[in-house]
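For the sequence shown, counting from 1, position 171 maps to 206 in the numbering used here; every step adds exactly one.
Here a beta-carbon is modelled for each residue, glycine too, at the ideal position from N, C-alpha and C.
Since the structure is predicted, the reported quantities are computational estimates derived from the model, not experimental observations.
A short write-up of the structure that comes next.
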Amino acid sequence: MNLAQILFSQGFGTRRECEVLALRGSIRIAGRVVDDPAARIDAEGLVLDVDGESWPVHAKALVMLHKPAGFECSQRPSHHPSVMSLLPAPLRRRGVQPVGRLDTDTTGLLLLTDDGALIHRLTSPKKHVEKVYEVETDEPVTQRQIDALLRGVVLRDDPQPVRAAACVQTEPRALRMTLREGKYHQVKRMLAAAGNGVIGLHRSRFGALELPPDLMPGQWRWLGSAHEVLGPAVR
Ligand code: URA
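Below is the structure:
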């Protein structure tokens with residue numbers, strides 16, 4: 036690929052905007068300015084410097100975000116800013132979207148990608164990718180409620196009972212719950228069906244990937260490959 040094509044593939048604007056970006060000397064590779072948009076470059080493992088910002092070239096983008104409360108996962112948010120506003124423009128432009136949704140008041144690990152097949156792989160209920168939630172409850176948790184969540188509860192508008200793959204009490208009013216599906220408001224609806232309520236919800240793990248403790252709310256980071264989420268033993 037030539038330099039302009041690489042910039043275009045990474046979301047740096049229209050083909051013409053990418054040519055201009057190169058022509059005005061904004062791009063450095065290994066410390067040297069490359070101002071010829073037609074320069075042939077091997078994109079494999081390439082790290083661009085775009086106006087002083089390091090940009091690792093990825094054929095498909097996969098990033099994790101520590102979602103803060105008060106942001107919507109929708110592309111067209113109605114009452115709050117979109118999580119997309121926390122990402123740089125090139126990622127937004129290349130069509131990155133959230134892998135499933137977290138509620139506006141939910142915090143924690145959110146994945147975003149422009150790889151449609153990967154979104155399907157990570158969200159399909161048949162693939163059993165586990166999500167772990169730290170749940171702060173309204174009322175003290177009882178053993179009866181934990182048993183019900185593990186056995187399966189029936190949600191309104193869904194006759195099939197849904198159950199937690201794992202559920203442990205971590206505080207008198209807190210649970211750690213593992214789910215293998217991603218139904219609408221699933222944790223809140225399951226807790227309600229078990230006779231309690233949710234006052235705080237945080238996702239701490241998605242598949243094999245834990246939210247890193249040094250990734251602060253609102254910060255994002257590249258993932259090297261989907262295996263960081265899928266783990267070595269892919270089913
Ligand atoms: N379950 C919920 O109820 N809300 C979330 O944001 C995620 C899972």
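Check, Outcome
"Note down, one range per segment and in chain order, each beta strand (DSSP E) of at least 3 residues found wholly within the region 186–262.", "188–190, 193–197, 201–206, 209–214, 233–241, 255–257"
"In chain order, which continuous runs of the alpha helix (DSSP H) of length 4 or greater are located wholly inside the region 97–130?", "124–128"
"Using the rule of at least 16 other Cβ atoms within 10 Å of the residue's Cβ for burial, across every protein chain shown, is residue 54 buried or exposed?", "buried"
"Near residue 270, which residues of its chain fall below 8 angstroms by C-beta distance, leaving aside the five closest residues on each side in sequence?", "Confidence in residue 270 is poor, its pLDDT being 49 and thus under 50, which makes the residue's placement unreliable; the coordinate value appears in the next sentence. Closer than 8 angstroms at Cβ, skipping near neighbours: 162, 163."
"Under a three-way DSSP split, which group does residue 146 fall into?", "strand"
"Say yes only if the C-beta of residue 180 is nearer than 6 angstroms to one or more non-hydrogen atoms of the ligand URA, and no if none qualify.", "no"
"With DSSP collapsed to three states, give me the class of residue 134.", "coil"
"DSSP three-state call for residue 81: helix, strand or coil?", "coil"
"Cα separation between residue 107 and residue 259?", "26 angstroms"
"Let me make sure I understand the geometry here. Which of 65, 246, 257 has the alpha-carbon closest to that of residue 169?", "246"
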